[in-house]
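Undergrad: Please read through the structure below; I'll follow up with questions.
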Amino acid sequence: MADREAAKYLGGLARRARLWIGLAVGAGFASGLLLLAQAGLIAYVLHASIVDGVSRSDLMPALWTLLAVYAARGLCAWGAELAGFTAAASVRAVLRRELYGHIARLGPAYAGSRHSGDLATVLIEQVDALDGYFARFLPQMALSVLVPLTLLAAIFPVNWVVGGMLLLAAPFVPLFMSLIGMGAAAASKRQFEALARMGGYFLDRLQGLTTLKLFGQARRELDLIGKVSDEYRQRTMGVLRIAFLSSAVLELFSAMAVAVVAVYVGFSLLGYVHFGPSGGVTLATGLFVLMLAPEFFLPLRQLAAHYHDRAAAVAAAGQIMAVLDTPAAPRGGIRPPADAGPMALDMTGVSFAHGSGEGARPVLQDVTLSVAAGERVALVGPSGAGKSTIIGLFLGFIRPAAGTVTIGGLEVGRIDPATVTAWVGQNPHLFHGTIWENIRLARPDATDVQVDEAADAAHVSDFADRLPNGLETPIGQRGHGISGGEARRVALARAYLKDAPVLLLDEPTAGLDPENERLVLSALDRLARGRTVLIATHSASGIGWAERRIEVGGGRLEVVDA
């Protein structure tokens, strides 16, 4: 059932590239028609020169025509390959956009629940695994029907016995192909699962390399990576074994069928066979059908050679569908006006639990919360009490099991929270690029003056001015090259530049030294003006900065005046 659904999904993707796939089939079919002309010309030239004694000069027009046919077939082969790979490239590009967009809609909660290496494998390797299916298998599947039928239509009027032999042999090719290919999809699925495990395991160890070195476990983990890699090697060899077995069996079968045709034609020319049109077999007709016999099986053999592309695509499609079928939180089309000002935050009867079923861990139970427009409220409580969960609910990253969450009186599901909220977390993600580019990420259409103003407001300029290139100084992934406190200030500058009416803060001062904490709170003072602020914090300074405090614990909230 899963393979059938995956095949149906691949069929839907194929419709998006049907023009290029059609061009690939058309070019391949044109090459098949030219093959008839090629075989006919070769048979004519040899018969005329050997049997009829026609001079070379009289054969030159036929030879030049034959040369033109060869050139035309080469162009058709090039066009078919180009169209096939263009079809595959267009499908991959569209599919990657869909995957990126859907993962973005699912939000960080989903990305955090799956290994980043696993998702990277889906986005890269498993999308690339569809290449052979659209570039080679689908066009070849059509050609494996069209070309043999066309060749049979040309062979039967010349020699119906040879045509009958080929017609009887043809069904055995897809039969063997289906029997051998039954295990190909399962083997490909196991291969992709091993690839996902290897990618996730390697990325996890690479990110934790410092910890492994400090605890002296680098060599042990290196050996484990070798074992995981060897598992992937074994799975890959299993897939290749099936592919090579399929090709070998079909090559043997087609060679035997061609040999039978060759024996019949040869014995007919020698006068040893008196069945069917054997008496009328000439060198020209014998060569014609003999040259077409292997070409009759060639499209079928090529289809068998590409059958593992289908198996790989079906296995990859199952993994891709698992991501795309994950329901995302609804995003409404309502966009509050740009000058709406600060907006109220409300929760009514909200419950939420991590996990599901017997293993579910309740975090919030029938919680009601109200933050007035323009108010600063601090959420305090022990780790795991649900502070970050409340922030995530307002951001729309997660959905409540019960109750409603509203921003400005509108349910989060009816608006896109990203349009009205700015968020700063404990570990803000900075991308590889310059400081200026990381700030401008919040509003790509912002002017240089606006970016500089945001950098000044968040005290980014204080440390950037000491760097060789100021805001144009490049930094590494995750803020490599600047301190944690400086990275927080870059994140605050992004929030300032976004200029959203609601500001959500998740431990923005955690782990900072007193000086960096002072600078972050100073930046928050400027950023919070005219905005609604909800801050989750353990810091006494952060609690004192808020106007009201709410204790979170045991799935409940308790309001405490600041």
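Residue numbers for the sequence shown, in the numbering used here: 1 to 562. Note that the Cβ used here is the ideal one computed from N, Cα and C, for glycine as well.
Identify whether Glu507 lies in helix, strand or coil by the three-state DSSP scheme.
TA: Glu507 falls in the coil class under three-state DSSP.
Undergrad: Residues bridged to Glu411 by DSSP?
TA: According to DSSP, which records beta bridges pairwise, Glu411 is partnered with Thr406.
Undergrad: Could you tell me the boundaries of the alpha helix (DSSP H) in which Leu364 lies?
TA: Taken as a continuous stretch (DSSP letters only), Leu364 belongs to no alpha helix (DSSP H), being part of the beta strand (DSSP E) at Arg361 to Val371.
Undergrad: Quick check on DSSP: helix, strand or coil for Glu551?
TA: Of the three classes helix, strand and coil, the one that applies to Glu551 here is strand, per DSSP.
Undergrad: Run through DSSP, which three-state label would Ser351 get?
TA: Looking at Ser351 - three-state DSSP - the assignment turns out to be strand.
Undergrad: Which residue comes first and which comes last in the alpha helix (DSSP H) that contains Arg489?
TA: Residues Gly484 to Lys498.
Undergrad: Residues in its own chain within less than 8 Å of Arg361 by CB, not counting five upstream and five downstream?
TA: Cβ within range, chain order: Ala353, His354 and Gly355.
Undergrad: Hey, would you say Val451 sits closer than 8 Å to Arg466, going by beta carbons?
TA: No, the Cβ-Cβ distance between Val451 and Arg466 is not below 8 Å.
Undergrad: Is DSSP giving Val122 helix, strand or coil here?
TA: Note: Val122 maps to helix in three-state DSSP.
Undergrad: Identify, in the order they occur along the chain, each residue of the same chain with its Cβ nearer than 6 Å to the Cβ of Ala418, setting aside the five sequence neighbours on each side.
TA: Nothing listed; no residue qualifies.
Undergrad: Starting from Thr389 and walking both ways along the alpha helix (DSSP H), at which residues does that stretch end?
TA: From DSSP, the alpha helix (DSSP H) with Thr389 extends over Lys387 to Leu395.
Undergrad: Measure the alpha-carbon distance for Gly553 versus Ala385 and round it to whole angstroms.
TA: If I take the Cα positions, the gap works out to 5 Å.
Undergrad: For Leu10, count neighbouring C-beta atoms within 10 Å of its own C-beta (all shown protein chains included) and say buried if the count is 16 or more, exposed if not.
TA: Answer is buried; the Cβ neighbour count reaches 16.
Undergrad: Hey, does Thr86 have any beta-carbon neighbour from chain C nearer than 8 Å?
TA: In the structure shown, chain C does not exist; there is a single protein chain.
Undergrad: Below 7 Å CB to CB, which residues in the same chain sit around Lys387 once its five sequence neighbours on both sides are set aside?
TA: For Lys387, where only same-chain residues beyond five positions count, the Cβ hits under 7 Å are Leu379, Gly381, Ala536 and Val552.
Undergrad: Counting pairs of beta carbons, one from the segment 13-26 and one from the segment 78-87, are three or more of them closer than 8 Å?
TA: Contact holds: three or more Cβ-Cβ distances are below 8 Å.
Undergrad: Whole angstroms are fine: how far does the CA of Gly22 sit from the CA of Ile42?
TA: Their Cα atoms are separated by approximately 30 Å.
Undergrad: May I ask which residues mark the beginning and end of the alpha helix (DSSP H) holding Val424?
TA: Premise fails: Val424 lies in the beta strand (DSSP E), Thr421 to Val424, not in any alpha helix (DSSP H).
Undergrad: Could you tell me the distance, in whole angstroms, from the CA atom of Ala457 to the CA atom of Ala495?
TA: For Ala457 and Ala495, the distance between alpha carbons rounds to 11 Å.
Undergrad: Only counting the same chain, and skipping five residues up and downstream in sequence, which positions put a Cβ closer than 8 Å to that of Asp325?
TA: None.
Undergrad: Which stretch, first to last residue, makes up the alpha helix (DSSP H) that contains Thr537?
TA: Unbroken run through Thr537: none, as it is neither H nor E.
Undergrad: Does the contact criterion of 3 or more C-beta pairs under 8 Å hold for the segment 248-263 versus the segment 222-237?
TA: Taking 8 Å as the limit for Cβ pairs, the verdict is that the segment 222-237 does not touch the segment 248-263.
Undergrad: Between Arg136 and the rest of its own chain, which residues show a CB-CB distance below 7 Å, the 5 nearest in sequence each way excluded?
TA: Cβ within range, chain order: Gly84, His306 and Asp309.
Undergrad: At what residue ranges does the segment 204-252 contain a whole run of the alpha helix (DSSP H), taking only runs of 4 or more?
TA: Those alpha helix (DSSP H) runs which fall completely within the segment 204-252 and span 4+ residues are 209-214.
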